[in-house]
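Report on one structure; see the data block that follows.
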Amino acid sequence: MRRMVDGLFNRLRFNQKLFLSYLTVIIIPILMLGLYAFRQSEEMLRIQATQSIEKNLTAISQSLNGTLEQYDHTIRSVVYNKTFQRIVANDYIDLVNLSRDLNEYLTPYFNMMMTLNSDIKQVTFYTQSDVPEYGLSVQSHERVKDKSWYHKTIVGSGNQWSMNESGDLFVAGPFPRFFSDSDTNVLFMEIISDGLFKNITSLAKGYDVVIADRNGTLLYANSDAAASRAAEFTKVKDRPDSVIDASGERLYTVAKTIAQTGWTIRCFVPAKQMSLNADSILNATLIVIGSCIAFLLIIISIFSRTMIRRIYKLNALMRRVENGELSLQVQSASRDEIGELTNRFGNMIVRLNALVKEAYTNKIVQKEAELKALQSQINPHFLYNTLSFINWEAVKSEQHKISHVVTALSRFYRTSLNKGDNIIPVRDELDNIKSYLDIMLMMSDYDFDVYYDIDEEVYGYRMLNLILQPIAENAVKHGINQKKGGRGWLKISAKRMSQVIVFTVEDNGPGMDEETIRRLLLQQSSGYGLKNVNERLKLFFGADSGIGIESNPGRGTAMSVTIPPYNNAIKK
29 MRRMVDGLFN RLRFNQKLFL SYLTVIIIPI LMLGLYAFRQ SEEMLRIQAT QSIEKNLTAI
89 SQSLNGTLEQ YDHTIRSVVY NKTFQRIVAN DYIDLVNLSR DLNEYLTPYF NMMMTLNSDI
149 KQVTFYTQSD VPEYGLSVQS HERVKDKSWY HKTIVGSGNQ WSMNESGDLF VAGPFPRFFS
209 DSDTNVLFME IISDGLFKNI TSLAKGYDVV IADRNGTLLY ANSDAAASRA AEFTKVKDRP
269 DSVIDASGER LYTVAKTIAQ TGWTIRCFVP AKQMSLNADS ILNATLIVIG SCIAFLLIII
329 SIFSRTMIRR IYKLNALMRR VENGELSLQV QSASRDEIGE LTNRFGNMIV RLNALVKEAY
389 TNKIVQKEAE LKALQSQINP HFLYNTLSFI NWEAVKSEQH KISHVVTALS RFYRTSLNKG
449 DNIIPVRDEL DNIKSYLDIM LMMSDYDFDV YYDIDEEVYG YRMLNLILQP IAENAVKHGI
509 NQKKGGRGWL KISAKRMSQV IVFTVEDNGP GMDEETIRRL LLQQSSGYGL KNVNERLKLF
569 FGADSGIGIE SNPGRGTAMS VTIPPYNNAI KK
């Protein structure tokens with residue numbers, strides 16, 4: 029089959045192939061764009077519907093919050109009533125006065141609450157105190173102490189809402205802990221569920237709404253269909269917005285949590301209801317796509333004939349180059365693909381001639397580089413031999429100080445040049461700074477002290493060369509040499525700390541302010557080499573590496589270099 033298609037395609041003229049290619053390339057994006065536009069429109073409709081549902085859920089939540097707050101206020105008005113507190117405390121000399129308050133105050137007060145709010149079915153005070161049981165108004169906590177809601181109420185910090193076996197809701201509020209034995213006193217209020225949720229029916233028209241507690245127990249459903257979806261609630265109870273499949277129907281769900289009780293209000297909406305206008309959008313999209321394709325067929329036919337003439341012209345130019353006309357100037361003013369192809373062909377001819385010259389030039393540069401490399405090998409040897417000669421002459425003349433200086437200088441240059449290696453062992457870098465400081469000590473007649481605190485562990489790693497010497501030079505010139513009064517000192521330390529190695533050069537010089545520190549690290553001209561050192565560290569080891577400076581005027585300066593533990597031997 030593939031051979032048949034290839035054979036048929038190969039028999040077509042180029043302008044026909046170009047027409048089919050353009051047609052294919054253009055139609056596919058148009059179809060994809062149309063599909064994308066339709067999907068986006070469908071998604072926009074869904075978002076708008078979701079926002080409308082969320083707005084209704086917010087109204088439902090606010091309404092329910094207001095109702096719950098009313099019941100909370102009712103409980104507070106009871107438990108903070110002084111007469112009620114006296115009854116709870118059983119602060120009576122005889123039972124006559126207690127019985128009078130129960131009969132004349134407590135029971136009428138509870139009855140009045142139920143009269144004013146017909147949704148309150150029963151009010152009961154459960155207590156552990158010596159107050160005797162009094163009908164349904166006062167009962168011992170022994171009757172409910174094994175109930176889970178009772179336990180949650182006395183150990184919790186607020187009112188607890190739950191549902192009983194008959195399907196009615198109740199709220200239990202803890203009594204204020206004014207007395208040592210009052211932590212088990214609870215005011216219980218049973219509420220008719222339909223009354224609590226009566227405002228939701230008008231706010232949730234057109235939607236299936238369910239309300240469930242923290243455990244997923246269904247508390248309310250505004251319709252039989254909503255109640256039948258209660259089983260789906262547990263699948264998405266922890267997600268505010270979800271899409272589920274229930275009985276072969278795709279449903280969008282939007283949820284809102286009531287912080288006061290932990291209840292979740294969830295709305296279920298069929299997917300088809302959220303995109304009722306999608307069909308009209310699809311029809312409009314198809315009409316636009318069809319019109320675009322018809323128009324493009326005409327344009328493609330015209331352009332394919334135009335393009336083929338330019339290809340024939342380019343083919344003629346290629347034949348001339350094939351026949352040896354390498355000096356031919358080929359250029360097109362067009363900026364489309366064929367024009368670019370023509371210009372690239374012309375550039376290829378120019379590049380071909382340039383490569384011959386470039387190869388010749390590269391040979392010369394290579395020879396010059398080899399000569400410079402030879403010089404870089406010869407010059408250090410000449411320097412070492414000269415220093416060795418000076419040292420030998422100093423020894424013969426018993427000029428030991430000169431011999432010491434020359435030896436330190438030779439060691440310094442050996443570790444600095446290091447045969448061109450940019451990465452050296454930490455030991456060599458520390459030897460380099462020791463040699464430098466030996467020279468500085470002799471030049472200053474040993475007028476300052478140097479201390480070393482080096483962890484043996486750091487010797488097993490490698491680092492960039494010539495990092496510590498500029499820092500030590502800065503410490504001597506701008507720390508020790510600027511010190512007024514007292515003997516100066518330098519302390520060189522190297523420590524392995526967790527995932528980094530930290531080198532520190534500390535002096536007891538005059539110190540510096542924040543502005544001076546900033547100039548040292550940022551300005552090339554006055555940075556005493558620290559800017560270059562800092563840039564080298566960050567380029568090689570990363571942004572976490574670099575120089576840190578801690579200093580206060582009059583208290584000395586500590587410059588630190590932080591690098592990661594590094595073992596690879598790399599030459600640069």
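Per the working numbering, the sequence shown starts with residue 29, numbered consecutively.
From the three backbone atoms N, C-alpha and C, an ideal C-beta is built for every residue, glycine too.
Spatial neighbours of residue i in its chain, beta-carbon cut-off 7 Å, leaving aside the 5 residues before and after
i, result
"residue 180", "188"
"residue 466", "436"
"residue 89", "284, 286, 293"
"residue 68", "none"
In DSSP terms, what residue i is bridged to
i, result
"residue 219", "148, 197"
"residue 576", "588"
"residue 518", "478, 535"
"residue 190", "198"
"residue 296", "236, 281"
"residue 334", "DSSP output for residue 334 lists no bridge partner at all."
"residue 491", "452"
"residue 524", "529"
"residue 349", "Paired residue(s): none; residue 349 is not in a bridge."
"residue 286", "291"
Minimum C-alpha distance to residue i - residue among the options
i, options, result
"residue 142", "126, 103, 156", "103"
"residue 537", "546, 515, 507", "507"
"residue 138", "222, 81, 568, 162", "162"
"residue 197", "86, 241, 380, 127", "241"
"residue 147", "136, 186, 128, 96", "96"
"residue 588", "530, 178, 336", "530"
"residue 176", "166, 337, 561, 190", "190"
"residue 105", "324, 80, 202, 370", "202"
"residue 300", "322, 513, 71", "71"
"residue 510", "540, 528, 485, 219", "540"
"residue 91", "502, 229, 476", "229"
"residue 463", "440, 125, 315, 108", "440"
"residue 124", "542, 505, 160, 501", "160"
"residue 455", "476, 469, 486", "486"
"residue 45", "351, 74, 331, 544", "331"
"residue 525", "547, 593, 471", "593"
"residue 667", "227, 348, 334", "Only positions 29 to 600 of the chain appear in this structure, which leaves residue 667 out of reach."
Nonlocal neighbours in the same chain, by C-beta distance under 6 Å from residue i, ignoring five residues either side
i, result
"residue 521", "481, 532"
"residue 173", "none"
"residue 478", "465, 518"
"residue 453", "490"
"residue 208", "Per-residue confidence for residue 208 stands at a pLDDT of 44, beneath the threshold of 50, marking its modelled position as unreliable; the derived number appears in the next sentence. Taken in chain order, the list of residues that qualify is empty."
"residue 130", "162"
"residue 296", "236, 257, 279, 281"
"residue 62", "313, 317"
"residue 225", "248"
Which of helix, strand or coil DSSP assigns to residue i
i, result
"residue 583", "coil"
"residue 318", "helix"
"residue 434", "helix"
"residue 20", "No answer is possible for residue 20: the residues shown for the chain start at 29 and end at 600."
"residue 540", "coil"
"residue 466", "helix"
"residue 109", "coil"
"residue 167", "strand"
"residue 597", "Reliability of the predicted coordinates at residue 597 is poor, the pLDDT of 47 falling under 50, and no value is obtained from them."
"residue 614", "As shown, the chain starts at 29 and ends at 600. That puts residue 614 outside it, with no answer to give."
"residue 249", "strand"
"residue 203", "coil"
"residue 225", "coil"
"residue 5", "The shown model of the chain, from 29 to 600, leaves out residue 5, and the question about it has no answer."
"residue 358", "coil"
"residue 155", "strand"
Pair within 8 Å by beta-carbon distance, residue i and residue j
i, j, result
"residue 199", "residue 99", "yes"
"residue 152", "residue 216", "yes"
"residue 534", "residue 584", "yes"
"residue 339", "residue 356", "no"
"residue 561", "residue 498", "yes"
"residue 328", "residue 59", "no"
"residue 572", "residue 523", "no"
"residue 492", "residue 461", "no"
"residue 195", "residue 165", "no"
"residue 238", "residue 231", "no"
"residue 342", "residue 380", "no"
"residue 55", "residue 321", "yes"
Cutoff 8 Å; reference residue i; Cβ partners in own chain excluding five residues on either side
i, result
"residue 512", "538"
"residue 325", "51"
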